[in-house]
């Protein structure tokens with residue numbers, strides 16, 4: 001990998017992400033100042049206690065799981081624009097597969113960044129357009145006929161993605177896939193914590209791959 | 219000052235945030251594209267990546283709109299718009315709003331009118347989601363250094379390492395699809411949708427390889443996803459009755 005390009009990606013990425021952090025924190029601060037309405041600290045603390053222990057943990061895990069997958073530029077972008085599991089990671093993965101480049105290679109870095117940047121722009125524009133047309137779109141989006149389509153967006157996305165990846169790496173897929181299927185069958189309530197289970201799946205997948213690699217099965 | 223969760227001020231704030239997000243994305247897009255050309259990658263391949271990703275992204279992006287719609291009944295449009303355009307995901311934003319609303323004794327079914335409650339929710343939504351933005355600048359380079367060490371030591375294992383990470387992610391989401399199978403035929407709908415999507419992708423693969431429909435590569439994932447979503451709208455009423 002071209003280290004000069006990568007080093008600059010880190011440099012620019014840090015500037016962008018720290019600016020984003022500043023802007024993000026400025027939003028509630030600006031609202032408080034404009035409306036002269038600072039909230040009670042206890043209300044914020046109580047609200048945070050309900051979500052922070054889980055989501056801060058997930059955030060730390062996500063950095064270590066998705067960081068290597070998305071590459072440098074892709075990570076700095078995806079961790080600002082969000083929706084990593086349902087849009088950015090599948091977009092990067094599919095783009096690298098289609099382009100025939102390896103994740104972690106210089107070409108992989110280019111393709112992954114292009115995919116994540118494109119999906120960020122398109123997502124932002126679709127949402128902006130949707131917000132502008134929300135009154136017209138609300139009956140369509142809320143239509144009971146369309147509800148099953150949006151309820152099933154993840155299976156619809158991962159079915160197509162999985163068939164490509166699993167068919168090429170079926171030996172590697174077997175252990176994490178079986179583990180996850182059995183786990184969700186036994187403990188269905190875990191579906192709300194799938195974010196935490198991604199790194200679990202990655203660890204199991206890595207352990208199985210290491211064993212198979214050492215035994216020359218792959 | 220009267221508080222309106224759909225005020226012009228809040229919409230202006232949202233617009234500023236959106237402009238920033240698009241600017242960052244354009245910056246990285248242009249930089250990656252130029253670097254791709256500089257290292258000898260084909261222009262057509264790079265353009266195809268942009269086009270296929272753009273097409274693929276539309277349906278999931280519309281599903282995010284549904285998230286904004288859900289939250290807008292309680293919080294108005296601008297705050298959910300900001301939160302779901304920067305870092306956020308509906309899986310976080312809804313619990314964050316709910317948690318704070320419960321702490322304040324508010325109902326999510328009524329539009330918020332108390333500015334202090336609104337700002338409390340805005341702070342919780344923001345503070346709960348920022349650790350990733352702090353950890354990435356601190357740790358990403360070190361994480362990648364570790365990956366490079368693995369690759370330099372044994373390149374085959376390095377490739378397997380990356381593939382295994384992706385497979386771990388895919389497995390978690392595939393496993394999740396099996397969550398409700400014990401609730402009867404209705405619980406099998408996500409599995410049918412997943413299998414249909416896989417079948418459509420398989421057919422696309424055959425058309426690309428056997429029928430030489432190379433152009434389909436760009437749209438295969440988007441097509442299989444959209445067809446599977448349409449399939450879900452057809453089988454759900456049939457199964458549920």
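Residue numbers (the working numbering), protein chains in the order written: chain A, 1 to 218; chain B, 219 to 459. Backbone N, C-alpha and C fix where the C-beta goes; we use that ideal spot for every residue, glycine too.
Is the beta carbon of residue 109 of chain A closer than 8 Å to that of residue 67 of chain A?
no
Classify residue 86 of chain A as helix, strand or coil using the three-state DSSP reduction.
helix
Tell me whether the segment 171-178 of chain A and the segment 338-356 of chain B touch, counting them as touching only if at least three CB pairs, one residue from each stretch, are closer than 8 Å.
no
Which runs of the alpha helix (DSSP H), 4 residues or longer, sit entirely within the segment 331-416 of chain B?
333-345, 349-371 and 373-394
Please check if any C-beta of chain A sits within less than 8 Å of the C-beta of residue 329 of chain B.
no
Can you grab the Cα-Cα spacing for the pair residue 225 of chain B / residue 132 of chain A, in whole Å?
14 Å
Which class does residue 257 of chain B belong to by DSSP, given the choice of helix, strand or coil?
In this structure, residue 257 of chain B counts as coil in the three-state DSSP scheme.
Cα-Cα, which of A/144, A/55, A/90 and A/148 is closest to residue 448 of chain B?
A/148
Whose C-beta lies closer than 8 Å to the C-beta of residue 239 of chain B among residues of the same chain, with five residues either side of it excluded?
The residues are 303 and 304.
For the alpha helix (DSSP H) that residue 296 of chain B lies in, which residues bound it at each end?
Counting along the chain, the alpha helix (DSSP H) containing residue 296 of chain B begins and ends at 296-303.
Out of B/433, B/438, B/236 and B/406, point me to the one whose CA is closest to residue 421 of chain B's CA.
When B/433, B/438, B/236 and B/406 are compared, the shortest CA-CA separation from residue 421 of chain B is found for B/438.
Helix, strand or coil: how does DSSP classify residue 98 of chain A here?
Residue 98 of chain A: helix per DSSP, three-state reduction.
Classify residue 248 of chain B: buried if its beta carbon has 16 or more other beta carbons within 10 angstroms, exposed otherwise.
A residue is called buried once 16 or more other Cβ atoms fall within 10 Å of its Cβ, and residue 248 of chain B, having fewer, is exposed.
Using only the alpha-carbon positions, how far apart do residue 10 of chain A and residue 246 of chain B sit?
11 Å
Report buried or exposed for residue 400 of chain B, applying the criterion of at least 16 other Cβ atoms within 10 angstroms of its Cβ.
exposed
Please classify residue 17 of chain A: is it buried, with 16 or more other beta-carbons within 10 angstroms of its beta-carbon, or exposed?
Looking at its Cβ environment, which holds 16 or more other Cβ atoms inside 10 Å, residue 17 of chain A is buried.
Is the segment 133-146 of chain A close to the segment 113-120 of chain A, with three or more CB pairs under 8 Å?
no
Measure the alpha-carbon distance for residue 197 of chain A versus residue 392 of chain B and round it to whole angstroms.
Between residue 197 of chain A and residue 392 of chain B, the C-alpha separation is close to 11 Å.
Look at residue 202 of chain A and residue 358 of chain B and say whether their C-beta atoms are less than 8 Å apart.
no
Report yes or no: is there a C-beta of chain A within less than 8 Å of the C-beta of residue 429 of chain B?
no
Less than 8 Å separating the beta-carbons of residue 28 of chain A and residue 316 of chain B?
no
Would you tell me roughly how many angstroms separate the C-alpha atoms of residue 377 of chain B and residue 103 of chain A, rounded to the nearest one?
8 Å
If you measure from the beta carbon of residue 216 of chain A to each beta carbon in chain B, is any gap under 8 Å?
Not one chain B Cβ lies under 8 Å of residue 216 of chain A.
Going by C-alpha to C-alpha distance, which of A/97, A/218, A/50 and A/112 sits closest to residue 76 of chain A?
It is A/112.
Between the segment 84-91 of chain A and the segment 149-164 of chain A, do at least 3 Cβ pairs fall closer than 8 Å?
By the Cβ rule, the segment 84-91 of chain A counts as touching the segment 149-164 of chain A, because three or more pairs are nearer than 8 Å.
Using the Cβ count rule (16 or more neighbours within 10 Å means buried), how would you classify residue 151 of chain A?
buried
For residue 432 of chain B, would you say it is in contact with chain A, using Cβ-to-Cβ distances shorter than 8 Å as the test?
no
Mind the definition here: the segment 43-55 of chain A touches the segment 328-343 of chain B only if three or more C-beta pairs lie below 8 Å; say whether that holds.
yes
If you draw a straight line from the alpha carbon of residue 290 of chain B to that of residue 298 of chain B, how long is it in whole angstroms?
7 Å
Checking contacts by CB at 8 Å: is residue 11 of chain A closer than that to chain B?
Output row for residue 11 of chain A: interface = no.
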